[in-house]
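Those protein sequences? They're chains B and P, same order as listed. Each residue of the first sequence is one higher than the last, beginning at 53 in the working numbering. Each residue of the second sequence is one higher than the last, beginning at 113 in the working numbering.
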Amino acid sequence: MSSVQGTRPAMNWRTISIYGGGLTALIVLFFVSLCYGEASVPLHTVWDALTGRQNTLEHNMIWDLRMPRTVIGIIAGGALAVAGALLQTITRNPLAASDTLGINAGAYFIVVLGAILFPGVLNQSPFLFAALGGLIAAFAAYFMGGGRKSSPVRLALSGMIVSMVLGSFTSALHIFFSMETQGLFLWGSGTLVQNDWSGVTYVWPWVVGITILALILSRQWDMLELDESTASSLGQKVGLARAGGLIIAVLLAAVIVSVIGPIGFVGLVAPHLVRLSGVRSNRLLLPGVFIWGAALLVGADVLAKMVHNSSMELPTGAVMAIIGAPWLIWLVLTRMKAANGSGMSSSMSTGAPSRRFAFGPMAVLFSVITIALILLSTMFGGLRIPLADLLPSLFRSDGLFSAVIQLRIPRTLVAAGAGAALAISGVLIQMAVRNPLADASIVGVSSGAGLGAMMVIILWPGLPMYLLPIAAIIGASIAAVVVFSLSWKKGLNPSAVVLLGIAMSAIAGAGIQILIVRGAVYGSSGYIWLTGSTYARTWDQVKVIGLFLVVLVPLAWWLARRFELLVFDDNSASGLGLGVRRTRLLAMTTGVLLAAGAVACVGTVGFIGLIAPHMVRLLTGHKLRRSMFLSALAGAVMLVLADTIGRTVMAPTEIPSGILIALIGTPYFLYLMYRSNWHRPMK
Amino acid sequence: MKKSLNGLLLLLVFALTLAGCGSASTSSNGSAADAGEGNTSDNTQTEAASGPVTVKHKRGELTLDKPAERVVTLEWTYTEDVVALGVQPVGNADNANYKVYVTSEAALDDSVTDIGTRSEPNLEAIAALKPDLIIANADNNTAVYDQLNAIAPTMEFDPYDGDGYNYDKMTDIFNNIAIALGKEDKAKQVLDELDQHYVEAKEKLAAAGKENFNFALTQAFTYQNAASLRMFTDNSVVIGTLNKIGLVNDWQPEKLEGYGFSTVGIESLSDVQDSNFIYITQPDDDVFGTAMKDNSVWKELNFVKENRLYQLDSTTWTFGGPISSKVLVDGVVEAITK
């Protein structure tokens, strides 16, 4: 841990101030939290209730509705913060926390799954489900990120990917089983609302027990902070302490998620706040972390209650993300010392470069597949059109088949266009940040575009729909400008860009959640749109995506030769007389705009920008123009296929294309991540 | 070599998935087509097709060459209106949940084809039914209006514009749908009978000494262990209906609620604790029977202490038409005169 080394008296002073400050903040927030609620209770009544409770409505309200909510906030904030501190220690990674390692998402996914499959069992012991999910997710993130050889950034990245994967599975469950899961939606954003003390009663023995255990073992965690050689001379004890710490952290996070849902950033922010004071010993650190985590979460909840409107409650988790994400940005900017990109993930390869197939035949093969698939997809859907009737119907304007085809052609073309745009965008962004695991969704651009478009849909539903792509571009541009201007000083370092992108995604994602909660009455259509949908797209969207492609693809093509030099690391690229930053910025801008166009047309479909370029690279190697051409076709094929399957298998109910892409794409992507570590462990 | 194989393998998987979905589609659309055929005879019934009809809806006026016979409804409110007019739609959105939430007095025949969810109705399934009228809802279907209209003439209503779906809007939409179906006489009959029903209900209330009964009405459900209550406001069709039988709503929010209800938690009930509490919950989510039973705040509310709680049937649809209004009145009268 890179905490500040201070002299002993200074440390004591700081320790006192961090404890005192934290406790003061917590007590004040505790009281404020009791004062805020739907019914207006006068201040002195709150005080009366606290000092001498009587069996009146208002006193009961304070004691049995607001108090449990506040207390669960304290317990949850504290537990998540302690879990975060432990994870940071055992992974020696300042970016570790139960949310950045995918533990919260894993716990939540299994709980939702349990609610559908075994509702009875779930009610008895949600904790077991959550712990199982959390543990699986933590191991997945750890091993995909390269295990012990993983770099902080790498581990955070793989944790985020695991979260994304599980998040898309959870979305799928919400859509397929909307009846069984409808009560869970707000919970998905994390909420502290309590009916009574049962949540607290369930949680506190676990949290207190496990936290005390962590304190008793605090020396073991101190040992893990030693440098690698000293620690390894202690042999097995280190491994045991790591494993124990991981289990303790997962259990703490899981018991919380099973009661209040996944809430992020507490576990990341609180330990850093306390470490700022220079406290190093875990015996002192952990209680301080608990206090600050509690204060943070209760504070976020007070904010959530203050903006409560009469239609729905704002999720506490969303407020926490808005408070916490800037911290992630700050951490990245201050803790990442390696300012220039040399040495960090500078290769585009996920293994040795390969070029097994000649470009010519592959180009022909891909084109044939694409055209055949587009044609075939017009046969399938809620109504199947026999091949014999297909061609005649295409050129007629009357009859049932013709009417159906008139619906299918534009949506198929939109899918093809958006798939191609996302794939090309992926190629460009991967080149620009020189990270094979980046695309528009990972650097925060898709979320930004989604937030922009969502604002048009929910806040100003009266606005004409042609403003949607404009709003998406504005959202994407703002996200991109923030991410890239912040990482400018780091020479647009790939890792900085990706991590800032994660923070950006969290902020935009929180904004989208707030919009959904505020806008939702029937409102699942907005939610479905967000997961990426090719439902009912018209010639209008064909024109939009067509315009984006016509303007931007030639630009990308023209720039491709310059981009190719970026395959080399920064120093030699500069040596070749290339404005590294400027070229990256151009590649980036083009990629961002293409992604924004796709989001405006089909919502936030992820993964295509990651997978299509990979697939192509495996087949034909690194030539950028060729890769761009084949990736575009591969992206088109993927989204057309998802569209076709989505409107066919569960007809008349549609499966959003984004979900299908995630279900097809994520296993492949996880496998790629794993492979890239296996062959060439990153720093 | 391994790497290139991976890429090809992925392509193969895609191809196989496509082949798989091909076989799945055959069976599902076969039944849809059958159901469509079956329906034709049901609805081409008594009244002979007369001349052109013109109706008003959100997008202006719609003229049909003759009254519609094959109607597809994309929101349950309109489905219920159509059923009240003695017609079964050929297609309805989300039949399964319709049966859960909407009264069995407006039941759907088995012949009614499910055309997918209310938020994303399946356009192809609608086209396959060859409707001559589609009734769409502005909230969910605005974005697909042009496509719907290309399939068949489409009426679009927005019950929640302005001050919400109030009683007058309910009858207005009902009458417009009746015109489109050539059932104006039937509509008049339904509404007249409904008014007569109110008169009788008022008499029953008077007999029980419950005229000018004060109340608060809610539809409640659980959001992760916490009670979430939709408290209905004066600009909703349910409150408008209960006003017709002389009941007085006590839930008065500070601002206008566009959808006709405020979503609140248990704390807010202190505002209406002196009123009479009428509620609707689903059987598997009995918020007040189980979750609230031992809650100290709930137990301390006056209407709980003084036992002024009235539960309605779970299929009392709160956003419906004339049939729902009748069912609501019946349920409330029975509950409070018991």
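Cβ atoms here follow ideal geometry from the backbone N, Cα and C, with glycine treated the same way. Here the structure is a predicted model, which is why all the values come from computation and not from measurement.
C-alpha gap between residue i and residue j, whole angstroms
i: B/T263; j: B/S329; result: 21 Å
i: P/A447; j: P/F333; result: 20 Å
i: B/F215; j: B/M431; result: In the sequence under discussion, the amino acid at residue 215 of chain B is Ser, which differs from the Phe named in the question. Their Cα atoms are separated by approximately 36 Å.
i: P/D442; j: P/A403; result: 27 Å
i: B/A470; j: B/V654; result: 7 Å
i: P/K115; j: P/A262; result: With a pLDDT of 43 at P/K115, under the threshold of 50, the predicted position of this residue should be treated as unreliable, and no value is reported.
i: B/F409; j: B/S419; result: 15 Å
i: B/L75; j: P/L329; result: 44 Å
i: B/G687; j: B/I660; result: 6 Å
i: B/P462; j: B/V692; result: 11 Å
i: B/V416; j: B/G451; result: 35 Å
i: P/N347; j: P/V360; result: 13 Å
i: P/H309; j: P/I291; result: 23 Å
Beta-carbon proximity list for residue i, same chain, < 7 Å, skipping 5 on both sides
i: B/I68; result: none
i: B/E706; result: Y587, G698, R699
i: P/P365; result: T345, S374
i: B/V326; result: I70, L337, G340, V341, W344
i: B/Y88; result: V354, K357, M358
is_contact[residue i, chain P] using C-beta, thresh 7 Å
i: B/L435; result: yes
i: B/V534; result: no
i: B/N247; result: yes
i: B/V214; result: no
i: B/A501; result: no
i: B/G89; result: yes
i: B/D116; result: yes
i: B/M680; result: no
i: B/M414; result: no
i: B/Y587; result: yes
i: B/A455; result: yes
i: B/M113; result: yes
i: B/L109; result: yes
i: B/L662; result: no
i: B/R515; result: A small fix is needed here, since residue 515 of chain B is Leu in this sequence, not Arg. So, not an interface residue.
Neighbour-count burial assignment, residue i, 16 or more Cβ in a 10 Å radius
i: B/V163; result: buried
i: B/Y723; result: exposed
i: B/P719; result: exposed
i: B/L292; result: exposed
i: P/V384; result: buried
i: P/F325; result: buried
i: P/Y371; result: buried
i: B/L443; result: exposed
i: P/Q301; result: exposed
Beta-ladder partner(s) of residue i, from DSSP
i: P/K168; result: P/E173
i: P/Y391; result: P/T330, P/Q423
i: P/E268; result: P/A248
i: P/S436; result: None, per the DSSP bridge assignment.
i: P/M343; result: P/T330, P/S374
i: P/P233; result: P/G228
Beta carbon proximity, residue i to chain B, threshold 7 Å
i: P/L176; result: no
i: P/N407; result: yes
i: P/A292; result: no
i: P/Q259; result: yes
Within chain A, partners of residue i - CB distance below 7 Å
i: B/P704; result: Here the protein chains are B and P, and chain A is not one of them.
Cβ shell of residue i (< 8 Å), same chain only, five flanking positions each side left out
i: P/A145; result: For P/A145, the pLDDT reaches just 39, beneath the cut-off of 50, and the residue's location in the model is therefore unreliable, leaving the point undetermined.
i: B/S220; result: T583, G658, G710, I711, A714, L715, T718
i: P/L306; result: P434, S437, K438
i: P/I351; result: L329, F344, T345, N361, G372
Closer than 6 Å: residue i CB and nearest the ligand GTP heavy atom
i: B/L187; result: Absence of the ligand GTP is noted for the structure shown, with no ligands found whatsoever.
Residues of its chain near residue i, where Cβ-Cβ distance is below 6 Å and the 5 sequence neighbours each way are ignored
i: B/V456; result: L435
i: B/L520; result: A505, V508, A652
i: B/L153; result: A190, A193, G211
i: B/V84; result: V354
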